[in-house]
Structure formats: C-alpha cells, structure tokens
C-alpha cells in the first residue's frame with residue numbers, strides 16, 4: 001500500500017472516532033445539566049469547561065474567545081470551523097481523507113461518511129443541533145458506529161484495514177484516558193451524590209455504564225472505574241484493549257510475531273501494552289491519577305509519531321530535489337498547481 | 001425530432017415512457033437522480049474560494065439516442081482520425097516528412113505551445129502517442145456530425161459517462177429493457193489493457209498507476225473513480241521517486257517499481273528537472289526515465305501539438321497524406337489568424353465568427369461573435385492582431401438541439417458529443433460518450449465549468 005494512502009486511512013478513522021467521542025461526551029454532559037439549565041446558556045458554559053479541557057482545545061478556545069459569551073463553548077465544540085477539533089471539522093477532515101482514498105474504501109463506507117458530512121455541513125444540521133442537541137449527538141455517534149460496522153462487513157482484511165484500526169484505536173485510547181482525567185482535574189467531593197453522578201457521566205461518555213453495572217452492580221468506586229476504563233481485557237474502549245489492538249495491527253502489517261518487534265512503533269506499543277497488562281488500579285492511585293494519565297498520553301503520542309516515522313514519513317534520501325523554501329505558502333501553491341492542470345473538460 | 005415535428009422512430013420507446021410519467025413522478029425521479037450523485041460524491045470542483053466548492057454535474061434525464069447506422073459512421077471516422085493523429089505525432093517527433101513535403105507548414109508545428117522539441121528522436125512504446133482521446137463532435141442543421149476539436153492530452157469526462165448510465169439504470173430501469181442500448185461498462189478494463197500493452201517490462205502483471213495532480217483538482221473524482229475501477233493505485237507526484245532511471249512508488253513495504261503511468265497532469269508539471277522548475281506535482285527524473293524507456297506514459301509527452309487548434313485545420317490533409325483516404329467525418333471550416341488573408345477575413349467578420357485561443361480548452365478564451373458585446377469584440381481584435389498564432393476563427397455552427405427537461409417541461413437545448421477513443425493493441429471507441437448540454441436557453445457553451453450539464457448517451461445495438 002502507498003505510504004500516503006496508509007496515512008489518509010489512519011487519519012480518516014482517527015477523525016471519525018474523535019467526532020464520536022466528542023459527541024458522546026457532549027451528549028452526556030447535556031443530559032447532566034438538562035434539568036437545571038438550558039443548552040447554550042451562561043450557566044451551561046460552566047458545565048462545558050471540563051469538556052473543553054478533555055478535548056485539549058482549551059487554549060485555542062481562550063484565544064478565540066477571551067471573554068466568552070453564553071453558548072460560545074458549545075458552538076466551538078460542535079459546528080465552529082475555526083476549531084480544528086470541532087465535530088464539524090473532524091467530520092470534514094475524515095471525509096476529505098476518505099475522498100482522497102476513495103479508491104481504497106468501499107462504496108458503502110463512502111456513502112455513510114459522505115451522508116454524515118452532508119448533514120452536519122448543511123442548514124439541516126444547524127437546525128437539528130438547535131432544536132434537539134441530543135438527536136444531533138446521537139446522529140454523530142450512530143453514524144460513526146455504523147461506519148465501523150460497515151467497514152467490518154465490507155472491507156477486506158488487508159493492510160488498509162490494519163491502518164484504519166490503528167487510527168481508530170489509538171484515538172479511542174487517547175479519548176478514554178482524557179475523559180478519565182476530567183475528574184482528576186476537578187476536585188471532587190468524595191462519596192456525595194454529585195460525585196457519583198459525575199462518575200456516571202464519565203462512564204457514559206466512554207459508553208461504559210452498562211458494562212460497569214454488569215460487573216460491579218450499583219456501587220461506584222474510583223478503583224473499579226479505573227479497572228474497567230484502563231485495564232479491562234474485555235471492554236472494547238479500555239485503554240488496554242485499545243493498545244492491544246494497536247499492537248496486533250502493527251504486527252499484522254509487518255508480519256513480525258507478537259512479543260517481538262521489528263521497528264520503533266512495535267517496540268513502543270509492546271512496552272506500553274506490557275505495562276498495562278501488569279498494572280492495577282491501586283498502582284495508579286499510588287502514583288496519582290493525573291500523573292499516570294499524563295504518562296499514558298505521552299506514550300500514546302510517541303506511538304502515533306513512531307507509526308508516522310515508520311510507515312509514512314519520506315526517508316530523507318528520497319525527498320524532492322526542488323527547493324520550495326522560497327515559496328511563502330507551499331500548501332496554497334500546491335493547491336493552485338493542482339487546480340491549474342487542464343483536464344480538457 | 002424530425003423537421004416536420006414527428007418523433008424519430010428510434011426515440012419512440014423513450015418518448016412513450018416519458019409521456020406516461022406524471023409531472024410529479026418525473027420531478028421525484030429527477031430529485032432522486034440528483035441525490036444519488038450527491039451521495040456518491042459524483043462531483044466536480046468549482047474554484048473560487050480556497051477550499052473549492054464541490055458541485056454535482058447537472059444531469060438531464062432525457063437520454064440522447066444514436067441509432068447504430070449513424071454510430072458506425074462516427075466510429076469509423078474517429079478511428080480514422082486518431083490513426084492519422086498518431087502517425088502525425090510519430091512523424092513530427094521523428095522524420096518530419098509531412099513538414100518536408102510541405103503538407104503542413106513547419107511553423108505551425110514549431111510554434112505550437114505544446115510541441116516538445118526535446119522529444120524529437122525519442123521512441124515511445126508501440127509508437128503510440130495518444131492512447132486516450134476525447135473528440136468533441138457536434139451535429140449541424142443537416143444532421144452531419146462534425147469534429148469540433150480533438151482532446152489528446154488529458155481528456156476528461158468518461159467517469160460521468162459510466163456514472164450517468166449507472167444512475168439511469170437505477171432510476172429508470174423500465175427504459176432499458178427492450179431498448180437494446182449498448183453497454184459502456186468495459187471502458188475501465190479496456191483502458192487497463194491499453195496501459196498494460198505499453199508496459200516496457202514484459203511481465204505478466206506490469207504495475208500501472210494513475211498520476212493525479214491531487215485532491216484539489218476539478219477532476220479528482222474521475223481520477224479516483226478510474227483507479228478504483230481498474231484496481232490500480234492513484235498516486236501523486238510525491239508518492240513516486242526515480243532512482244537510477246527507474247520509477248518507484250513509496251509503499252509501506254518499501255519501494256515498488258512502476259511500469260506505466262496514466263498521467264492526468266500537464267507536460268509542463270511532469271518533471272521539475274526538465275519542465276517547470278517550480279512544479280510541486282511532478283517527479284524529478286521522470287522524463288529521463290521515459291527517455292530511457294524504463295517507464296511508459298499515457299498519453300505520451302508532446303501530444304498537445306496534435307490537438308492545437310491551428311493543427312486541427314490540417315487534420316483532413318493529414319488523413320489524406322498518411323492514410324490515402326478521404327476524411328469520413330467533416331470538420332468545421334477554420335480560419336487561421338497567422339495566415340494574412342485569413343486574418344484579414346477574421347478581422348472584417350468578427351461579429352459573425354467564433355474566435356478561439358489555439359491552446360485553451362474548457363470553453364475559456366473564446367469569443368462568440370453574434371453574442372458578444374462591442375467591447376469584447378474589440379478586445380479580441382487586439383488579441384488576433386497582436387498574437388495571430390494563438391487564435392483561430394470558425395463560422396458559428398448552430399449545432400443540434402435535444403429535448404431537455406427544464407422546470408418540468410421539455411425544451412430544446414444545444415448538445416454536443418464527446419466519444420472516448422482508446423488506442424492500444426486495437427483502437428476502440430466507447431459506444432456512446434458524454435453528451436454535454438448547454439442548459440441555458442440558446443447558449444452554445446456546454447462546458448461543465450460554464451453552466452453545462454450532461455445526458456446519458458445511448459448507442460442502439462441494431
């Protein structure tokens with residue numbers, strides 16, 4: 001497979017997964033405050049602040065809105081084109097990556113993603129979000145899950161599949177860990193109703209509520225939540241499950257037996273997986289949840305970077321001999337040249 | 001329709017089917033066609049803002065029907081023409097006999113913008129230059145098909161032919177049953193055979209790729225569509241690398257040698273070492289690899305000298321010279337501004353002529369005299385006087401109209417036809433082609449970039 005194609009597939013699924021996670025986090029947050037305050041009001045923005053932090057876009061938001069008005073945060077996270085990680089931007093990016101590698105994905109995959117893009121970028125999408133934010137978020141989540149299902153049912157299990165899974169599971173591991181971190185950044189009032197309500201929110205944001213209840217009943221403890229969201233071997237959104245999938249996919253791509261490594265990304269992922277395999281919730285709590293998650297995020301980022309370096313990045317000796325350093329806007333210049341090509345229409 | 005207003009016999013089934021549909025049913029069918037194209041992303045890009053806007057190519061549901069006896073003439077005429085053009089290109093890049101014999105003035109060739117003197121004496125695989133050609137035809141008032149122009153560089157539009165047919169089958173399945181419409185489905189397989197036929201390495205599975213300018217190009221949908229249909233990789237310049245005169249593509253498992261490149265970028269941008277130095281779309285060293293015969297390009301470099309609008313005027317002479325035949329298809333009389341008497345005639349008759357830039361396509365750089373303002377005519381007068389090599393003029397041909405659905409009723413609109421010709425081991429013409437329709441009443445410009453739409457084109461089997 002072309003390296004560039006692998007990169008597009010990887011980012012396509014990463015962006016879909018990202019949109020889904022932001023949508024789910026917003027959905028449960030709306031649920032949480034639905035009774036007390038209206039969507040988009042001043043009060044609701046307070047609820048959104050941790051959500052903003054969990055998407056790692058707080059800095060960008062403060063730059064755009066030094067003095068935020070009611071509704072700014074929710075708009076920023078949903079349909080703001082200036083936010084590269086808004087739901088709209090994620091879906092647009094996913095769809096643009098899909099359009100570029102349209103020949104590599106199935107028609108059914110394309111149709112699902114394109115339909116979602118057409119919806120969120122249309123007036124209908126704007127109205128749906130205003131009228132019924134819950135339906136809007138539900139639509140995003142379902143469409144992402146549908147896309148995953150369509151992919152599983154229609155795409156050959158060749159390299160393209162592996163790169164799609166890499167993107168999806170790395171992104172999922174990242175988001176699950178970030179959502180856990182929401183709690184550690186906001187001083188909790190242990191053993192209160194508010195506290196368990198908030199933990200319920202995080203479980204739901206990770207689509208883990210039912211799984212948690214099934215294993216642990218109604219008792220909500222931090223340790224048990226960590227066991228499920230970080231270390232479960234069965235729950236498909238736990239960090240360990242995600243990293244294990246990434247590890248499997250990397251070995252499927254290179255053909256190296258599991259337990260060994262042939263490149264940097266296999267080495268990093270294998271080491272991370274081993275750590276997760278042999279850790280438990282109390283280790284995390286000893287360490288401090290926030291610090292633990294920080295380290296986890298660093299490891300996930302390094303794995304992503306190593307994938308890029310191993311499979312996508314142009315080795316130095318083959319890079320172009322043309323000098324583009326004098327071009328002020330190389331991306332714009334390239335777009336312009338692409339457009340200039342006569343297609344004798 | 002015929003002159004007396006009756007429906008031509010081969011249109012009978014289509015006319016009947018459409019007359020049975022209520023306006024509501026028709027409206028609903030048209031909407032579902034549009035939705036189908038939008039959902040499948042069958043779009044082209046209109047430039048303007050940075051991102052470029054994707055549009056659905058407007059589609060008219062009333063098919064254009066061509067009876068077999070008419071098509072046989074068109075097909076024979078196109079094969080004759082492309083054969084002569086390929087012989088001409090070979091000649092121009094080798095002995096230049098046609099110039100030495102004075103059939104075509106050598107200035108015509110040497111001053112053509114797309115002539116590549118660097119390629120004189122370089123052999124190309126199978127001596128074929130144009131492998132894919134899209135020739136624009138119109139019908140005049142007498143029903144004759146005339147060649148309007150040959151597109152022998154990167155003709156586009158074939159994806160719409162295939163997508164239009166697929167959409168028609170889905171939305172009007174009943175229309176097809178008894179009509180005996182010839183299939184267009186084999187095009188991608190035929191194109192792939194052409195590419196494999198010119199592979200320099202004689203292996204069982206030569207590696208063919210489609211070289212696209214990238215996702216921002218207006219025809220990217222088509223590039224990706226064709227690559228998918230042929231099962232080959234679609235590559236950008238940055239995916240390819242030349243090492244020791246061989247071309248490779250960069251894959252997740254290292255470098256893989258490439259044998260044939262179906263390129264959809266202009267000559268100028270192919271190789272920054274040889275042509276435009278600022279090209280970010282090309283592959284440094286590609287031209288050298290072509291010269292050494294290590295990789296084949298479709299179409300070959302330098303074919304633009306054959307679809308130059310001044311060269312066009314000489315195609316009938318070419319056919320007589322190389323093939324010893326009379327042209328089967330006529331073409332539009334052409335005045336060349338660089339010939340003094342012609343220029344005088346053009347300048348005296350600007351309001352009655354169509355003036356075209358010699359190297360433009362897409363309906364750009366064109367003056368339609370009878371529709372032009374005084375200022376536009378004066379602008380072209382200056383252009384013709386100062387750059388006579390770059391302009392030609394033709395009488396206005398009021399080419400045929402075809403019933404077209406406009407706001408729920410059927411009205412006549414001007415149409416042309418672009419059949420696609422493939423030259424490999426044999427020369428094949430895709431039965432049908434892209435019928436482009438000028439959706440604006442009275443307009444003669446059918447280009448998608450300027451308010452044109454398209455129709456499904458049916459060639460009947462008997």
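Chains as they are written, first to last, in the working numbering: chain W, 1 to 345; chain C, 1 to 462.
Idealized CB from N, CA, C, for every residue including glycine.
Per the C-alpha coordinates, the member of 148/C, 14/C, 25/C and 407/C positioned closest to residue 354/C is 148/C.
Secondary structure note for residue 233/C: its beta strand (DSSP E) is the uninterrupted segment 233–235. Taking each of 265/C, 225/C, 294/C and 204/C in turn and checking the Cα distance to residue 248/C, the smallest one comes out for 294/C.
Interface annotation for the segment 200–233 of chain C against chain W: 213, 214, 215, 216, 217, 218, 219, 224, 227, 228 and 233, criterion Cβ-Cβ distance under 7 Å. Residue contact with chain C for residue 263/W: absent (no Cβ-Cβ distance below 9 Å to any residue of chain C). With a cut-off of 8 Å on Cβ pairs, the segment 297–310 of chain C is in contact with the segment 128–135 of chain C, counting three or more such pairs.
With its beta carbon at least 9 Å from every one in chain W, residue 103/C lies outside the interface. Within the same chain, and ignoring the five residues on either side of residue 125/W in sequence, the residues whose Cβ sits closer than 7 Å to its Cβ are 119. Using beta-carbon distances, residue 423/C does not count as an interface residue toward chain W, since no partner is under 9 Å. Counting C-beta pairs closer than 8 Å gives three or more between the segment 133–141 of chain W and the segment 16–30 of chain W, which meets the contact rule. Contacts with chain W at 9 Å (Cβ-Cβ) do not include residue 390/C. For residue 113/C, the three-state secondary structure derived from DSSP is coil.
DSSP places residue 357/C within a strand segment (E or B) once states are collapsed to three. Residue 253/C belongs to the set of residues whose beta carbon lies under 9 Å from a beta carbon in chain W. Residue 158/C is a Cβ neighbour of residue 226/C, given a cutoff of 9 Å. With fewer than 16 other CB atoms across the displayed protein chains lying within 10 angstroms of its CB, residue 12/C is exposed. Taking C-beta atoms as the reference points, residue 36/C and residue 171/C count as a pair closer than 9 Å. In the structure shown, the three-state DSSP call for residue 440/C is coil. Contact of residue 103/W with chain C by beta-carbon distance below 7 Å involves 224, 227, 228 and 234. Between residue 6/W and chain C, the shortest Cβ-Cβ separation is below 9 Å. In the three-state reduction of the DSSP assignment, residue 21/C falls in the coil class, being assigned neither a helical nor a strand state. As DSSP reads the structure, residue 296/C sits in a beta bridge with 260/C. Contact annotation: residue 462/C and residue 180/C have beta-carbon atoms nearer than 9 Å. With a 10 Å radius around the Cβ and a threshold of 16 neighbouring Cβ atoms, residue 270/W comes out buried. Proximity of chain W to residue 151/C at the Cβ level (cut-off 8 Å) is accounted for by 344, in chain order. Contact between residue 161/W and residue 155/W holds: their C-beta atoms lie close to 5 Å from each other, under 8 Å. At a Cβ-Cβ threshold of 9 Å, residue 9/W and residue 48/W do not count as neighbours. Per the coordinates, the alpha-carbon of residue 20/C lies some 38 Å from the alpha-carbon of residue 223/C.
Using a CB distance cut-off of 9 Å, residue 334/W counts as an interface residue toward chain C. Close CB contacts of residue 119/C within its chain, under the 6 Å cut and outside five residues either way in sequence, are with 93, 301 and 302 (chain order).
Assigned with DSSP and collapsed to three states, residue 30/C falls in helix. Assignment of residue 227/C by DSSP, reduced to helix, strand and coil, places it in the helix class. In chain order, 41 make up the part of chain C whose C-beta sits under 7 Å from the C-beta of residue 110/W. In terms of Cβ geometry, residue 335/W and residue 214/C form a close pair [threshold 9 Å]. DSSP places residue 456/C in the strand class (E or B) of the three-state scheme. The alpha carbon of residue 94/W has as its nearest neighbour, out of 80/W, 206/W and 112/W, the alpha carbon of 112/W.
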